[in-house]
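The sequence shown begins at 111 in this note's numbering and counts up by one.
Idealized CB from N, CA, C, for every residue including glycine.
Given the structure is predicted, the values throughout are model-derived calculations rather than measurements.
Note sheet for the following structure.
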Amino acid sequence: MTQTLVIYHGNCLDGFGAAYAAYRRLTMLDKQDADYYAATHGEPPPDCAGKRVYLLDFCYKREALKQLCASADAVIVLDHHISAAEEVAGLDQECPNLSLTFDMSRSGAVIAWEHFHEDPPPALLAMIQDRDLWQWRIADSRDVNAALMSYPKDFEVWDELAQSGAALSRLADEGRAINRFREQMIEYYKGRAVMGEIAGYAAPIVNCPLAVTSELLNVLAQGHPFAAGYSDKGGKRGWSLRSTEDGVNVAEVAIKFGGGGHPRAAGFSTRIDERWLTLEPPEAAEE
């Protein structure tokens, strides 16, 4: 039997929600032997030789995806990032074992659920979509999403949260307290933003934690082409871009740096000098 590999967007509620949708169908209901891999943009794909591969809320660059198709048994892409759709457009005509589904009106989690299941998406995934598309149409969505960020990305934990109305109500209660603190964090990091220039655009730039990046940058982007936030890990600096309806298409900006995303939310990564991870006191350096 062909091994199944589910590759999903790592460090992302929507990406893990998509992986959960696959897990509930493949592993829990169908009892299939499937592996799950959290992917990061800019990193090479795992070994896919002879496997049935799902790419959820995530897609590799055109050449990498083409090479993946050459080794995999089948590749199914379920995504909603417009930059990815443009990057791999028409590749399914070159690779007969590739299936491409892109829908910018749905989030990755909802696309995946509706692919793997016949019943409507759980309210939890609908709320994840509400945040990921920045629609905020569902009551308690902000609080539920805030609380969900505090839980481990564990399929069994998420299944209990997704399948229980009582758990959803508990998340809303927990999220209200979390959001009070997050609002304080946003105010603090607003004061740490400085003006800089990215791809020729003057924009507020701030070093900030992922937990408040989207909300913070949407505030900072007011009156500017966009706002940018970054965080470092070793020699890698991850960038997030957000813009308002009056701002620029940040997906186009991110593409210039090898990244991508949506018109109002995008990201990319750059390298930084790892020598900064080794510091010596000025006196020792002079000696």
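Helix, strand or coil at residue i according to DSSP, with G and I counted as helix
i, result
"Pro392", "helix"
"Glu266", "helix"
"Glu384", "helix"
"His225", "helix"
"Asp145", "strand"
"Phe126", "helix"
"Leu166", "strand"
"Leu115", "strand"
"Ile365", "helix"
"Thr211", "strand"
"Ala236", "helix"
"Asp189", "strand"
Integer-rounded CB distance, given that residue j should sit under 8 Å from residue i
i, j, result
"Arg290", "Asn328", "The pair is not a contact, with the Cβ atoms about 18 Å apart (cut-off 8 Å)."
"Gly357", "His334", "7 Å"
"Ile238", "Leu188", "Rounded, the Cβ-Cβ distance is 15 Å, inconsistent with contact."
"Val360", "Pro373", "7 Å"
"Ser251", "Asp240", "4 Å"
"Leu165", "Ala129", "Incorrect: roughly 11 Å between the Cβ atoms, too far for contact."
Alpha-carbon spacing of residue i relative to residue j, whole angstroms
i, j, result
"Gln177", "His151", "16 Å"
"Ala148", "Ala219", "14 Å"
"Asp264", "Ala144", "15 Å"
"Leu258", "Gly306", "33 Å"
"Cys158", "Leu115", "7 Å"
"Glu297", "Glu204", "50 Å"
"Leu330", "Asp140", "46 Å"
"Glu355", "Pro262", "33 Å"
"Ala184", "Thr388", "45 Å"
"Gly377", "Asn317", "14 Å"
"Asp269", "His225", "18 Å"
"Leu281", "Pro391", "47 Å"
"Ala375", "Ser350", "7 Å"
Spatial neighbours of residue i in its chain, beta-carbon cut-off 7 Å, leaving aside the 5 residues before and after
i, result
"Val198", "Cys169, Arg172, Leu175 and Leu210"
"Arg286", "Asp253"
"Pro319", "Ser341"
"Phe126", "Tyr118 and Lys263"
"Ala256", "Gly285, Ile288, Asn289 and Arg292"
Own chain, CB closer than 8 Å to residue i, minus 5 neighbours either side, in chain order
i, result
"Ala312", "Met305, Gly306, His334 and Pro335"
Cβ shell of residue i (< 6 Å), same chain only, five flanking positions each side left out
i, result
"Gly275", "none"
"Met295", "Val322"
"Gln113", "Lys161"
"Phe212", "Asp189 and Ala195"
"Leu326", "Ile296, Tyr299 and Cys318"
Item to check | Any beta strand (DSSP E) of 3 or more consecutive residues that is wholly inside the stretch 278–360 | outcome: Counting only runs of 3 or more, we get 304–308, 311–317, 337–343 and 346–352.
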